[in-house]
Amino acid sequence: MTSTSKTTPVLRAKSRPADRIFSGSTLAAGVLILTALAAVAVFLIAQSIPALVANPEELPTSPSSFWEYVAPLAFGTVWAAALALLMALPVSLGIALFISHYAPRRIAQVLGYIVDLLAAVPSVVFGLWGIKVLAPFVQPFYAWLVDNFGWIPLFTPPVSGTGRTILTVAIVLAVMVLPIITAVCREVFLQTPRLHEEAALALGATRWEMIHTAVLPFGMPGIISAAMLGLGRALGETMVVAMVLSPAMVIHFVLTGSANPPTIAGNIALNFPEAHGVGVNALIATGLILFIITLIVNSAARVVINRRKAFSGANG
Amino acid sequence: MTPFRPVLFAAIAATGALLLSSCATNEISQPGDSSQELSGELNGSGATSQASASDAWIAAFQLANKSVTINYSPEGSGAGRKAFMSGGVSYAGSDSALSDEELAGEFAACVPGTKAIDLPVYISPIALIFNIDGVSKLNLDAATIAKIFKGEITTWDDPAIVALNPGTELPSATITAVHRSDDSGTTKNFADYLNKVAPEVWTAKPADAFPYTGGEAAQGTTGVIDAVTSGKNTIGYADASKAGSLSTAAVKVGDKFVEYSAAAAAAVVEGSPLVQGREASDIAIALDRNTTDPAHYPLVLVSYLIVCQEYADPAAGALVKAYAGYVASPAGQIEAAKSAGAAPLSAELSARVAAAIATIK
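Protein sequences appear in the order of chains D and Y.
Position in the first sequence (first residue = 1) + 2 = the working numbering.
Position in the second sequence (first residue = 1) + 26 = the working numbering.
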């Protein structure tokens with residue numbers, strides 16, 4: 003037997019042109035995305051260097067160093083995205099669980115379509131909605147919060163007169179990332195092994211306990227991935243922030259004031275049209291920082307997901 | 027075939043858009059001098075403030091001179107001046123005249139040794155717009171405006187404001203002062219006015235970016251107007267042409283309070299002295315922000331065309347001369363007023379600019 007297996011050539015499917023074209027095009031697609039990423043990284047680094055080595059006096063707002071210029075921007079970016087995720091994640095989980103485990107089939111389908119539809123709305127429309135509808139609507143609530151809870155550092159007076167604060171931006175961003183997180187979570191929850199669920203129910207678990215013990219642990223890596231996808235969108239969102247936020251170069255946690263930390267993407271959109279000289283490089287350098295922040299966030303998520311996989315029961 | 031349908035669809039949509047946009051033309055009067063046949067291409071770059079006026083000028087000029095193509099890219103005043111100095115474009119649009127340092131340098135598009143000149147062609151009054159319940163008239167002086175935008179005066183019934191507005195019932199509400207969140211020549215001119223008239227309050231050097239962290243910020247002229255309109259007890263500054271139905275504050279000039287008007291804005295530009303030590307054809311205006319003549323409205327933005335006195339390329343010189351001549355002419359100024367809400371140059375200044383343009387070679 004062993005001798006025959008040695009002499010017989012390895013069985014290989016006959017390579018047809020269609021196969022070669024297909025495998026070649028998938029390879030090309032894979033290489034293309036890496037090349038694009040590398041090209042972006044090289045562009046960002048090359049264009050950033052003049053700003054990093056320039057005399058800080060020449061940078062916009064003449065800070066004492068480049069890092070002083072970028073610090074409020076980086077802070078605002080992370081702060082706004084984190085707030086958005088904080089609001090969007092629980093709601094998304096609720097919607098996804100409702101669709102996958104609670105709603106009757108037909109309602110679930112309709113609801114799924116509607117949530118997906120939300121993802122198709124252009125961000126400039128969300129921006130207009132934020133300025134014209136949401137900001138004036140929430141302003142009285144902000145005024146009430148500041149009047150009654152002004153002692154909490156989050157609501158330090160004075161209140162913004164127009165409601166165009168970082169909290170408003172975060173609410174709009176939350177609505178925008180909702181569909182992505184919901185769609186991914188829904189798919190993951192539907193993948194929960196039927197056996198796990200039935201076993202939990204057979205042991206006398208209520209529906210909530212079944213979700214708690216079987217669905218959520220199984221879906222945890224998926225939930226984290228979904229959250230990271232949403233966070234990625236929130237970190238890079240430009241139009242909404244540029245339109246809605248009332249920025250100032252500050253670092254603080256106040257949610258309801260007029261002076262809000264700006265975000266990197268929003269700041270680039272606002273100041274690129276009039277930027278010249280080293281100012282352009284400074285803006286691109288902030289873009290590099292955003293690139294790095296996104297990389298760090300995504301890698302961290304990867305690490306968490308890989309660690310969770312081991313004991314989530316998903317592999318069982 | 028189904029998966030490719032969106033692509034096909036997009037292609038059809040794109041073709042349609044191209045066809046439609048290429049059909050759009052403007053009906054315009056007969057600018058320029060049609061006696062001599064002009065042709066060629068002219069590139070300019072610079073201030074965004076005069077961009078919409080520039081579009082109208084170019085459309086009108088090209089309609090009268092069919093074989094001329096003019097491109098103006100609104101990349102900002104600084105970028106425009108830089109591109110002009112390095113020879114990348116034949117003229118620049120700029121919200122500030124060339125500085126002495128810039129004039130000391132070389133201009134690549136000009137005959138070596140000759141200088142560039144500034145031609146004021148676009149005057150835009152900046153209005154102080156406000157939205158206060160029950161208040162339709164408001165008088166302010168520079169020091170008070172500066173304190174409001176710096177955040178030192180925080181309520182509308184502050185004694186400083188009440189003293190300027192006897193007989194007006196002002197609410198005790200908090201002031202929301204709205205400024206531009208993007209870099210803008212409007213901010214620079216607004217800051218320049220405050221810095222000149224109330225230097226002890228507005229200590230920051232005028233720049234395109236708003237210098238203080240107080241107050242509310244909004245994107246672009248429309249953003250500011252939107253924030254002022256939809257907010258309560260708000261005040262902001264914006265191109266007067268875009269103020270719409272919002273109330274505008276009168277600014278203290280001498281002992282009187284002056285509402286903005288196109289005539290008053292043109293008057294202050296005409297009444298201001300020229301920057302000293304320039305060529306005779308260089309009309310760089312040292313805006314008299316401290317004017318005390320109540321016929322003047324000192325809160326204005328002046329935007330220039332920056333061109334060579336003598337072009338290395340005579341063809342470019344002829345084109346610039348004809349184009350600038352149209353822009354500064356009464357017809358061009360009316361076009362800018364119509365399309366961008368600019369204040370037309372006064373007849374005297376228009377004549378002075380025309381004389382300067384006549385010397386371009």
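We put the beta carbon where it would ideally sit given N, CA and C, even for glycine.
Here the structure is a predicted model, which means the values were calculated and not measured.
{"query": "Minimum Cβ-Cβ distance from D/H278 to chain Y less than 8 Å", "result": "yes"}
{"query": "Closer than 8 Å to chain D by CB, Y/G131", "result": "no"}
{"query": "Boundaries of the beta strand (DSSP E) in which Y/C334 is found, first to last residue", "result": "326-334"}
{"query": "Nearest-angstrom Cα separation, counted from D/A302 out to D/G232", "result": "15 Å"}
{"query": "Beta-carbon proximity of D/G132 to D/V174, cut-off 8 Å", "result": "yes"}
{"query": "Three-pair Cβ contact test at 8 Å for the segment 132-149 of chain Y versus the segment 206-218 of chain Y", "result": "no"}
{"query": "At least three beta-carbon pairs within less than 8 Å, the segment 147-163 of chain D to the segment 223-231 of chain D", "result": "no"}
{"query": "Neighbour flag for Y/S48 against chain D, beta carbons, 8 Å", "result": "Low confidence applies here, because Y/S48 scores a pLDDT of 42, under 50, leaving its location unreliable and the question unanswered by this model."}
{"query": "Stretch-stretch touch, CB-based, cutoff 8 Å, three pairs: the segment 196-203 of chain Y with the segment 164-181 of chain Y", "result": "yes"}
{"query": "Range of the contiguous beta strand (DSSP E) that encloses D/P138", "result": "No beta strand (DSSP E) contains D/P138, which is instead part of the alpha helix (DSSP H) from 137-151."}
{"query": "Minimum Cβ-Cβ distance from D/G152 to chain Y less than 8 Å", "result": "no"}
{"query": "Spatially closest choice to D/Y144 from D/L130, D/G129, D/T164, D/A185, by CA coordinates", "result": "D/T164"}
{"query": "Sequence-distant residues of the same chain with beta carbon closer than 7 Å to D/T4, five excluded per side", "result": "Residue confidence for D/T4 is low, a pLDDT of 47 falling below 50, so the modelled location carries little weight; the figure read from the coordinates is stated next. Same-chain partners within the cutoff: there are none."}
{"query": "Length of the line joining the Cα atoms of Y/V277 and Y/G104", "result": "29 Å"}
{"query": "Spatial neighbours of Y/A312 in its chain, beta-carbon cut-off 7 Å, leaving aside the 5 residues before and after", "result": "S298, P299, L300, V301"}
{"query": "Proximity winner among Y/E226, Y/T385, Y/G262, Y/A368, relative to Y/G240 (alpha-carbon distances)", "result": "Y/G262"}
{"query": "The segment 120-136 of chain D / the segment 198-216 of chain D touching (three or more Cβ pairs under 8 Å)", "result": "no"}
{"query": "D/A98 and D/I253 closer than 8 Å at C-beta", "result": "no"}
{"query": "Proximal chain D residues relative to Y/Q359, where beta-carbon distance stays under 9 Å", "result": "By Cβ distance, chain D contributes nothing, its closest Cβ being about 25 Å from Y/Q359, past 9 Å."}
{"query": "Inter-stretch contact at 8 Å, needing at least 3 Cβ pairs: the segment 134-147 of chain Y / the segment 324-332 of chain Y", "result": "yes"}
{"query": "Three-way DSSP call (helix, strand, coil) for Y/D445 in this model", "result": "For chain Y, the structure presents residues 27 to 387; residue 445 of chain Y sits outside this window and is missing."}
{"query": "Those residues which DSSP pairs with Y/S120 across a bridge", "result": "Y/Y330"}
{"query": "Contact set between Y/D234 and chain D, taken where Cβ atoms lie within less than 7 Å", "result": "E276"}
{"query": "Sub-8 Å separation of D/V256 and D/T170 beta-carbons", "result": "no"}
{"query": "Within chain Y, partners of D/N273 - CB distance below 7 Å", "result": "D208, D209"}
{"query": "Spatial distance of Y/S24 from Y/L345 (CA atoms)", "result": "The requested residue 24 of chain Y does not occur in the structure, where chain Y is confined to residues 27 to 387."}
{"query": "D/N308 in three-state terms, based on DSSP", "result": "helix"}
{"query": "Under the three-state DSSP convention, the category Y/Y349 falls into", "result": "helix"}
{"query": "Cut-off 7 Å between Cβ atoms - residues of its own chain near Y/A210, not counting five sequence neighbours on either side", "result": "Ala is not the amino acid found at residue 210 of chain Y; the sequence shown has Ser there. So the list reads D234, once near-sequence residues are dropped."}
{"query": "The segment 280-294 of chain Y contacting the segment 99-116 of chain Y, beta-carbon criterion three pairs below 8 Å", "result": "no"}
{"query": "Of the listed residues Y/G131, Y/F87, Y/A82, nearest to Y/S65 (C-alpha basis)", "result": "Y/F87"}
{"query": "Of the listed residues Y/R206, Y/A224, Y/D218, Y/A264, nearest to Y/E236 (C-alpha basis)", "result": "Glu is not the amino acid found at residue 236 of chain Y; the sequence shown has Phe there. Of the candidates Y/R206, Y/A224, Y/D218, Y/A264, the one whose C-alpha sits nearest the C-alpha of Y/F236 is Y/R206."}
{"query": "Beta strand (DSSP E) runs contained entirely in the segment 230-284 of chain Y, provided each spans 3 or more residues", "result": "242-244, 260-265, 276-279, 282-284"}
{"query": "Where Y/S307 meets chain D, residues with beta-carbon distance less than 7 Å", "result": "Near Y/S307 there are no residues of chain D at all, since even the closest Cβ is about 27 Å away, more than 7 Å."}
{"query": "Chain-order list of residues whose beta-carbon lies under 7 Å from that of D/A110 (same chain, five-residue window excluded)", "result": "I101"}
{"query": "Same chain, Cβ closer than 8 Å to Y/A50, five either side skipped, listed in chain order", "result": "With a pLDDT of only 39 at Y/A50, under 50, the local geometry of the prediction cannot be trusted, and the value read off the model is given with reservation. If we look at Y/A50 and ignore the five residues flanking it on each side, it has no Cβ neighbours."}
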